[in-house]
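J.: Residue numbers are given in UniProt numbering: position 353 of the sequence shown equals residue 353, and the series is strictly consecutive. Even for Gly, the Cβ is constructed at its ideal location relative to N, Cα and C.
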Amino acid sequence: MTDFDSITDQLAEQAIEVPSWAYGNSGTRFRVFTTPGTPRTVFEKLADAAQVNAYTGLAPKVALHYPWDKVDDWSEVVDFAAEVGVGLGTVNSNTFQDEDYKFGSLAHHDPAVRQKAIDHHLECIEIMDKIGSRDLKIWLADGTNYPGQGDIRRRQDWLADSLAKIYAHIGPEQRLVLEYKFFEPSFYHTDVPDWGTSYTQVAALGERAVVCLDTGHHAPGTNIEFIVAQLLRLGKLGSFDFNSRFYADDDLIVGAADPFQLFRILWEVRRGGGFEKSTGVAFMLDQCHNIEDKIPGQIRSVLNVQEMTARALMVDADALEAAQLAGDVLGANEILMDAFYTDVRPQLAQWRASRGFPADPMNAFADSGYLARIAEERVGGTQAGWGA
Ligand code: LRH
Ligand code: MN
Ligand code: MN
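1. I believe MET158 touches TYR180 by the beta-carbon criterion, under 8 angstroms. Please report the beta-carbon distance rounded to the nearest angstrom.
2. What is the DSSP secondary structure of GLY356, counted as helix, strand or coil?
3. Relative to ligand 2, what is the chain-ordered list of residues with a Cβ closer than 6 angstroms to any of its non-hydrogen atoms?
4. If you measure from the CB of LYS181, is any heavy atom of ligand 3 nearer than 7 angstroms?
5. Hey, out of SER75, ASP72, VAL86, whose CA is closest to THR56's CA?
6. At what residues does the beta strand (DSSP E) containing LYS165 begin and finish?
7. Please name the residue or residues paired with TRP139 in a DSSP beta bridge.
8. Do you know whose CA, among SER6, GLN115, TYR66, lies nearest TRP21's CA?
9. Since I believe VAL210 is in contact with LYS236 (beta carbons under 8 angstroms), could you give me their beta-carbon distance rounded to a whole number of angstroms?
10. What do you get for GLY327, buried or exposed, if any count of 16 or more other CB atoms within 10 angstroms of its CB means buried?
11. Who are the near neighbours of GLY381 in its chain, counting only those whose CB is closer than 7 angstroms to its CB and skipping five residues on each side?
12. Between ASN290, ASP191, ALA54, which lies nearest to LEU178 when the distance is taken from Cα to Cα?
13. With C-beta atoms as the reference, is GLN347 less than 8 angstroms away from PHE4?
14. Using a 10 Å radius around the Cβ and a threshold of 16 neighbouring Cβ atoms, would you call ILE118 buried or exposed?
15. Run through the segment 307-370 for me and flag every whole alpha helix (DSSP H) of 4 or more residues, listed as ranges in chain order.
16. With DSSP collapsed to three states, give me the class of MET284.
17. Indicate whether ALA219 and PHE182 have their beta-carbon atoms separated by less than 8 angstroms.
18. Suppose you measure from the CA of VAL254 to the CA of PRO361; what does that come to, to the nearest Å?
19. Evaluate the contact criterion for the segment 221-232 versus the segment 264-278: three or more CB pairs, one atom per stretch, below 8 angstroms.
20. Determine the DSSP secondary structure at VAL269, reduced to helix, strand or coil.
21. Which residue from GLN149, GLN383, ASP214, ALA160 puts its Cα closest to that of MET284?
22. Quick one: residues in its chain with C-beta nearer than 6 angstroms to the C-beta of SER301, no 5 flanking neighbours on either side, listed in chain order?
23. Just checking, does the segment 83-99 make contact with the segment 118-131 on the three C-beta pairs under 8 angstroms criterion?
24. Rounded C-beta distance between ASP338 and MET1? I'm assuming under 8 angstroms.
25. Start and end of the beta strand (DSSP E) containing ASP241?
26. Within this structure, are the beta carbons of LEU176 and ILE227 separated by less than 8 angstroms?
27. Under 8 angstroms by Cβ, that's how I've got LEU320 and LEU303 pegged, so tell me the actual separation to the nearest angstrom.
28. If you measure between the beta carbons of GLY27 and ASN243, is that distance less than 8 angstroms?
29. So for ASN145, helix, strand or coil by DSSP?
30. For GLU13, count neighbouring Cβ atoms within 10 angstroms of its own Cβ and tell me buried if that reaches 16, exposed if not.
31. Mind checking which residues open and close the alpha helix (DSSP H) that includes VAL228?
32. With a threshold of 7 angstroms (Cβ to nearest heavy atom), would HIS218 be considered close to ligand 3?
33. For a test of the three-state rule: what should DSSP assign to ASN304, helix, strand or coil?
34. Which of the three DSSP states, helix, strand or coil, is assigned to HIS121?
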């Protein structure tokens, strides 16, 4: 197995984007529990996100969701982000909370609704230009609930046409990233349900259109690492939305439900060159913290990604290839499992300390008193949450 010391340069390069919406209140359709100190503004979300980076060195960028994150003057957001030590990343569009989008947005049967959704994306691109963001991420709630409700074939054409109109405005340094999800909120058919549909749509647009893989958006039992391998092969893996799920789109802490799956995904990322900057893969979290504290929830997630990345980097790739080519089924499997079962936590703690970060970021943050401070300071106003 590759030793820890020889992977630290690669680990030092790791950057995970955290979502602004993770710091707001969230919950289920049954109840949203509030927490004292929850941010009320984009600025407070950025301040909280900056804590994750300060304690781990892993989360230098924050992904925004528009119009959940809405301000009058974006230059103030850029300045504030720099002040607290983070950058601004992906801009996520939102076409799922407006009355007009009841029957869809970019794939809607009514051209006027499609145009409204296209215009929303052009507005997102304008924001991206102002804040220096590379990626426009599109996830559509579009779909139908009952067979016969819509023309599922024509909707693909309408979608292709809408996406082309948006893509025409994507700058030379920017990308359009299309996220897929197999169900919810539509329950019969979804217009972008799987990687194949997303790939088909972005391939028709051009080079700067790529796929986003949200780990929670697959049917149980799906071999997600195969999708990772395939999209990297095709040069179309644009980004990850990392989270974990037990049943549906649970948006739980990364690696909480199935650490082995996270390892297998990250091994395929390594195998396909996805850790190299030139591949352009954005590693993002997409999580909701319903009952747990949000900042520690994000810290836990980025640490889990780091830990599994270390294990994936420690796989003896040469020995694995030799075993595979020799048809050594059990030997090959053992080489992969050796890396998975290696506990890298003590070495990671030591390495963190050697770089001036806390050996145990979870405890260090808990001891900092930050949560008590924001609970005391942030009184009045409306707390951010799903939908704002
Ligand atoms: C949809 C999704 C998508 C949205 C986010 C809030 O389930 O994963 O990425 O933008 O949740
Ligand atoms: Mn997502
Ligand atoms: Mn989701």
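T.: Taking the geometry as given:
1. Residue numbering aside, residue 158 sits at position 158 when the sequence shown is read from its first letter. Residue numbering aside, residue 180 sits at position 180 when the sequence shown is read from its first letter. What sits at residue 158 in the sequence shown is Trp, not Met. With a Cβ gap of about 17 angstroms, TRP158 and TYR180 do not count as contacting.
2. Stepping through the sequence shown from its first residue, residue 356 is reached at position 356. Looking at GLY356 - three-state DSSP - the assignment turns out to be coil, as it is neither helix nor strand.
3. TRP139, GLU179, ASP214, ASP241, ASP286
4. The count along the sequence shown starts at 1 and reaches residue 181 at position 181. Checking the Cβ of LYS181 against ligand 3 gives yes.
5. As a position in the sequence shown, residue 56 is number 56, starting the count at 1. Among SER75, ASP72, VAL86, the Cα nearest to that of THR56 is on VAL86.
6. As a first step, residue 165 must be located in the sequence shown, where it is residue number 165. Premise fails: LYS165 lies in the alpha helix (DSSP H), 152-167, not in any beta strand (DSSP E).
7. Within the sequence shown, residue 139 is the residue found at index 139, counting from 1. According to DSSP, TRP139 bridges with GLU179.
8. Walking along the sequence shown from the start, residue 21 turns up at place 21. It is TYR66 whose Cα lies nearest to the Cα of TRP21.
9. For this step, residue 236 is matched to residue 236 along the sequence shown. For this step, residue 210 is matched to residue 210 along the sequence shown. Correct: roughly 5 angstroms between the Cβ atoms.
10. Indexing the sequence shown from 1 puts residue 327 at position 327. The residue in question, GLY327, is exposed, as its Cβ has fewer than 16 Cβ neighbours within 10 Å.
11. On the sequence shown, residue 381 is found 381 positions in, with the first residue counted as 1. Cβ neighbours of GLY381 beyond the five flanking positions: ARG40.
12. The residue labelled residue 178 in the question sits at position 178 within the sequence shown. With distances taken between Cα atoms, LEU178 lies closest to ASP191.
13. Mapped onto the sequence shown, residue 347 falls at position 347. Mapped onto the sequence shown, residue 4 falls at position 4. It is a contact, given that the beta carbons lie within the stated cut-off.
14. Within the sequence shown, the letter at position 118 stands for residue 118. Burial call: buried.
15. 317-325, 329-340, 345-354, 361-368
16. Stepping through the sequence shown from its first residue, residue 284 is reached at position 284. Three-state result, MET284: strand.
17. As a first step, residue 219 must be located in the sequence shown, where it is residue number 219. As a first step, residue 182 must be located in the sequence shown, where it is residue number 182. Cβ distance < 8 angstroms, so ALA219 and PHE182 count as in contact.
18. For this step, residue 254 is matched to residue 254 along the sequence shown. For this step, residue 361 is matched to residue 361 along the sequence shown. Computed Cα separation, rounded: 16 angstroms.
19. yes
20. As a working note, residue 269 is residue 269 in the sequence shown. Helix.
21. Counting from 1 along the sequence shown, the entry for residue 284 is found at position 284. Closest by alpha carbon: ASP214.
22. Counting from 1 along the sequence shown, the entry for residue 301 is found at position 301. Closer than 6 angstroms at Cβ, skipping near neighbours: ILE253, VAL254, LEU285.
23. yes
24. The residue you call residue 338 lines up with position 338 of the sequence shown. The residue you call residue 1 lines up with position 1 of the sequence shown. Going by Cβ atoms, the distance from ASP338 to MET1 rounds to 6 angstroms, so yes, they are a contact pair.
25. Here residue 241 refers to the residue found at position 241 of the sequence shown. Taken as a continuous stretch (DSSP letters only), the beta strand (DSSP E) holding ASP241 covers 237-242.
26. The residue you call residue 176 lines up with position 176 of the sequence shown. The residue you call residue 227 lines up with position 227 of the sequence shown. No, the pair does not count as a contact, with Cβ atoms beyond the cut-off.
27. To locate residue 320, count along the sequence shown from 1; it is residue 320. To locate residue 303, count along the sequence shown from 1; it is residue 303. The Cβ separation is near 26 angstroms, so there is no contact.
28. Taking the first residue of the sequence shown as position 1, residue 27 is located at position 27. Taking the first residue of the sequence shown as position 1, residue 243 is located at position 243. Not closer than 8 angstroms, so no.
29. Working through the sequence shown from its first residue, we reach residue 145 at position 145. Correct three-state label for ASN145: coil.
30. Residue 13 sits at position 13 when you count from the first residue of the sequence shown. That one is exposed.
31. Here residue 228 refers to the residue found at position 228 of the sequence shown. Unbroken alpha helix (DSSP H) run through VAL228: 224-233.
32. Here residue 218 refers to the residue found at position 218 when the sequence shown is read from its first residue. Checking the Cβ of HIS218 against ligand 3 gives no.
33. Position 304 of the sequence shown, counted from the start, is the residue given in the question as residue 304. Helix at ASN304.
34. Reading the sequence shown from its first residue, position 121 is the one you call residue 121. Reduced to three states, the DSSP call for HIS121 is helix.
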